[in-house]
Amino acid sequence: MPADITAILDRYGADRTRLLDMLWAVQDADGHITQPAIEGLAAGLSLSRAEIEETVSFYHFFSMQPAGRHRIYLNNDVSTQLSGRYEAVRDAFEEACGCTFGTVSADGRFGLYDTACIGMCDREPAALIDFVPFTDLTPERVAKIVASLKDGVATKSLAAAFDSGCDVVTTRWQRTGPVFDPRTAAGPSLEALFSLAPGEILEAVAASGLRGRGGAGFSTGLKWRLCRETKAATRYVVCNADEGEPGTFKDRALLTDMPHLLIEGMVAAAYAIDASAGVIYLRAEYRYLFDRLDSLIADYRKAGWLGHNIAGSGFDFDLRLQLGAGSYVCGEESALIESMEGKRGSPRNRPPFPVEAGFCGMPTIVNNVETLAAVPRILKEGADWYAGFGTEKSPGTKLLSVAGDCARPGIYEVPFGITVGEFLDMVGAEPALALQVSGPSGECINAAQSRHRRLCHEDLSIGGAMTVFSAERDLLDHMSRFLSFFIAESCGICTPCRSGNVAMKTLLERLRDGRGEQRHLADLERWGHIIAETSRCGLGASAPNPVLSSLREFPDLYAALVDGREAEMFVPGFDLDASTGDYRRIVERARSNGR
Amino acid sequence: MADEVTFFIDGRPCTAAAGDNLVEAAADNGVYIPTLCHYKGHKPLGTCRVCMVRVDGREAAACTFGVRDGMRVDVDAPELADARKALIELLFVERNHFCPACEKSGRCDLQAVAYHMHLTVPRFPYRYVPFTVENFAGKLLIDHNRCILCGRCEEFVRRGDSKVFAMKQRSSEARITVDLALLAEMSANEIAHAVHVCPVGAILAPGQGFDTPIGRRKYDTHRIGEITDGRD
């Protein structure tokens, strides 16, 4: 049945900022975003068709052509490559569905697509089928799953049968800590919040030393105060649940096992900065958590913890979920805000920063799931308690998502400041060749030489992803894959990120093919620095990191690529005068001979 | 000027009104900072990054900064000049810029900045990807071979509040496109404005080439059609 555009427009108040929701509604009804739907939405929102299409075409999970009744997105990220079964699982999907990746089967039943990290790194290979996660895949399971789908079994009930009887993915909690423990996490505890003044909350968060847990590590207390101090009609609290950094799945753990901490952290933040509305921006890869989170929000509303005059305090605040549509760069806070406004996820120029002018031009704080979830724990146990963990400049604890070549992948809570050696022993990763700290945008470090280094903002910043590579791995192949990831996820509006990373990749592949020279190693480094320094946002600034950090940490791997080929084999450039000198001398001689 | 401030370019004191666009303030003080996406007097886009300078020790696109009192700007440093040149080179290798065949040759900002920087050959490998030329209802041409994705058409060509041009896809797949319904309403003057807004030869009006024939046939021994005495 074709999507009822009028009903969809009505449901979202013909509000342009809700364009992503409307596009999801169209796609859920029609299977893809049809031309009539684009025309209808353009008319209803007073936009040009081109403006609707530019949003649709930006996002990985929106399609303007029929994309298969069952859409299968198989993760092709590095962590699945390390599982050793990726190729076999991929082949099994193609055989069972009767089509190759990137195409739709002849009967229109299945569409097979590659996708970047879906946050199931400790359970690879994994795929999203109709946005339901299927983990720990083997060729046999793939055959069974596809056969059941052909028999008409509903995707959701099929998933329940495959993951120990529940419709969510069970978290592998390898090590819980003082801050986050699913066994002891209490239910709603907001009474205490409203006995405090907003200023006291700001003080407590500042005193705890809490820093942004997305990786950048900006002071949460300072961010909130800057936002509070910006005069405005309203302010917004945004939770960045767009956990896209390949190798990261710790926010999935919190969203699955302790979502009430997140909601209460957002209420606390809103009360502290005097915000009227909040949004949890949930990545499309976690769409299977949408209904659970939505009903939890409804429970809070019913209990009077969200909405008008919360707990008789006179404070109004409500919260909603915003589903993304597949774009890594939307994890950048200003791109996330653009996406929340129903636009392409291109990062904004800064200044102004979101705390001054964010969602719809209003002061906005954007915080990571883990940051916000820590706030109720800080308020309950005290800022001093929290600051007692970790190091001086990195107080508290950190959740790590551990995957790759180790005995015990999963989620760990650790105090900031543990050494790389302690980490490797804890996860059972000996002997390791390399450790990818904080995903591709972080650093690739030499495991053996870095055992003394510390995981904290003073040394190795940690965002959440820790991927271990054993000595058997072709490390530069994985660095090249990381580069491909950044190339595909670049929003495309700035020159260095869009074009520069392609140049880096071309040169790296040339070296790996054995066609490189010594001077190309210096070129890689210089090009990487130019891209990092001139890019508009953090994606571009960190895209060269896999190459730059592995060049620094594993110079021998690169030296081996140009071994025996010296610079003098090829003279770059062409000196016209020098090359035609013989000819010129002959002509001059002929002239002087009077000929 | 009420709040005129002093700032420094490569150590030299300069003056401007506080908040003035840095690229324009630099020009007023006799310092050229190359730009492609900047459209004088309009809001900064910060997309081409060619105006890369250092503001108070940090790399920044000059077009996105307002002048502040005491601001220290480095423009001339060799590594900055090299980075700016690299960005121009990245644009040249990304698509197919054949200046001699381009209607905008001589009026193209990319070409002019490349000459200014003494660009001879880009350090980056050419991509050699063929792009299409689209003819929109005989009213407008978009030559994607020449587009630098600066976003000027998207931002500065509007009908009412609506964008006439938009960017589709992302990454190196990104393409400029035009809204056919809005294009149909555009007058010849509005199309001429769109052609003018484009800093390169990507947006063109059909039927319009060079204003005057370019160059001279300097090796002709005689002009074609000239009556000769039978000898060549």
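So the sequence lines, in the order shown, correspond to chains A and B.
In terms of my numbering, the first sequence opens at residue -5 and continues consecutively.
In terms of my numbering, the second sequence opens at residue 216 and continues consecutively.
The C-beta atom is built at its ideal place from N, Cα and C for all residues, glycine as well.
Look at the alpha carbon of A/Asp108 and the alpha carbon of A/Leu283, and state the distance between them as a whole number of angstroms. 21 Å
For A/Gly159, count neighbouring C-beta atoms within 10 Å of its own C-beta (all shown protein chains included) and say buried if the count is 16 or more, exposed if not. Because the pLDDT at A/Gly159 is just 46, under 50, the model does not fix this residue reliably, and the value given afterwards should be weighed accordingly. Result: exposed.
Beta carbon of B/Ala277 nearer than 7 Å to that of B/Cys263: no
List the residues of chain D that A/Pro490 touches, going by C-beta distances under 7 Å, in chain order. Absent from the structure: chain D. Protein chains present are A and B.
Please confirm whether A/Ala367 and A/Leu216 have their CB atoms less than 7 Å apart. no
Of the choices A/Ala82, A/Gln512 and A/Leu248, whose alpha-carbon is the least far from that of A/Pro133? A/Ala82
Using C-beta distances below 8 Å, list every residue in its chain close to A/Ala305, excluding the 5 sequence neighbours before and after it, in chain order. Leu184, Glu185, Phe188, Gly298 and Trp299
Sequence-distant residues of its chain with Cβ nearer than 6 Å to B/Asp284 (five each side left out): Val220
Residue from A/Ala263, A/Glu239 and A/Leu505 whose Cα sits closest to the Cα of A/Ala198: A/Ala263
What are the boundary residues of the beta strand (DSSP E) that includes A/Ile32? Careful: A/Ile32 lies outside any beta strand (DSSP E), inside the alpha helix (DSSP H) at Gln29 to Leu39.
Quick one: give me the first and last residue of the beta strand (DSSP E) that B/His437 is part of. Careful: B/His437 lies outside any beta strand (DSSP E) and carries neither H nor E.
Integer Cβ distance of A/Gly96 from A/Gly62, believed to fall under 8 Å: With 8 Å as the limit, A/Gly96 and A/Gly62 do not qualify as a contact, their Cβ atoms being about 11 Å apart.
Go through its chain and collect everything with a Cβ distance to B/Leu295's Cβ below 7 Å, but skip five positions before and after it. Met267, Val268, Arg269 and Asp289
Pairwise C-alpha distance: A/Leu68 and A/Ala90: 14 Å
Give the list of continuous alpha helix (DSSP H) stretches no shorter than 4 residues that lie fully inside the segment 518 to 545 of chain A. 532 to 536
Just confirm the distance between the C-beta atoms of A/Gly336 and A/Leu14, as a whole number of angstroms; I'd bet it's less than 8 Å. 6 Å
Assuming B/Arg299 is part of the alpha helix (DSSP H), what are its boundary residues? Pro293 to Glu309
Check B/Ala231 in the structure and name its three-state DSSP category. strand
With a cut-off of 8 Å on the beta carbons, I'd call A/Thr500 and B/Pro340 a contact; round off their distance for me. 5 Å
Using 8 Å as the threshold, is the segment 445 to 454 of chain A in touch with the segment 407 to 415 of chain A, meaning 3 or more CB pairs across them? yes
When DSSP labels each residue in this structure, what does A/Gly159 get in the three-state scheme? Bear in mind that the predicted position of A/Gly159 carries a pLDDT of just 46, short of 50, making it too unreliable to give a figure here.
Just to confirm my understanding: we take A/Ala8, look at its own chain, exclude 5 residues before and 5 after, and list those with CB closer than 7 Å. What are they? Gly38 and Leu39
Could you tell me which of A/Arg222, A/Arg207, A/Gly301 and A/Ala226 sits nearest to A/Cys233, measuring between CA atoms? A/Arg207
Tell whether a beta-carbon distance below 7 Å holds between A/Tyr380 and A/Ser202. yes
Can you tell me where the alpha helix (DSSP H) holding B/His411 begins and where it ends? Ala403 to Val412
Where does A/Met460 sit, in a helix, a strand or coil, going by DSSP? strand
Using the beta-carbon count (16 or more within 10 Å), is A/Asn361 buried or exposed? buried
Counting Cβ pairs closer than 8 Å, one from the segment 390 to 398 of chain B and one from the segment 359 to 371 of chain B, do we hit at least three? yes
Check whether the Cβ atoms of A/Ile267 and A/Arg205 sit closer than 7 Å, and answer yes or no. no
Leaving out the 5 sequence neighbours to the left and right, which residues in its chain are closer than 6 Å to A/Phe243 when beta-carbon positions are compared? Gly113, Cys115 and Ser395
Roughly how many whole angstroms lie between the Cα atoms of B/Met382 and A/Arg117? 37 Å
Residues of its chain near B/Val410, where Cβ-Cβ distance is below 7 Å and the 5 sequence neighbours each way are ignored: Ile418, Leu419 and Ala420
Just the C-alpha distance for A/Gly92 and A/Asp468, rounded to the nearest angstrom, thanks. 32 Å
Output the boundary residues of the alpha helix (DSSP H) element that contains A/Ala228. With the sequence shown as reference, residue 228 of chain A is identified as Thr, and Ala is not the correct amino acid for it. It is not in any alpha helix (DSSP H) - A/Thr228 carries neither H nor E in the DSSP assignment.
Give me the Cα-Cα distance between B/Leu395 and B/Lys354, rounded to the nearest whole angstrom. 10 Å
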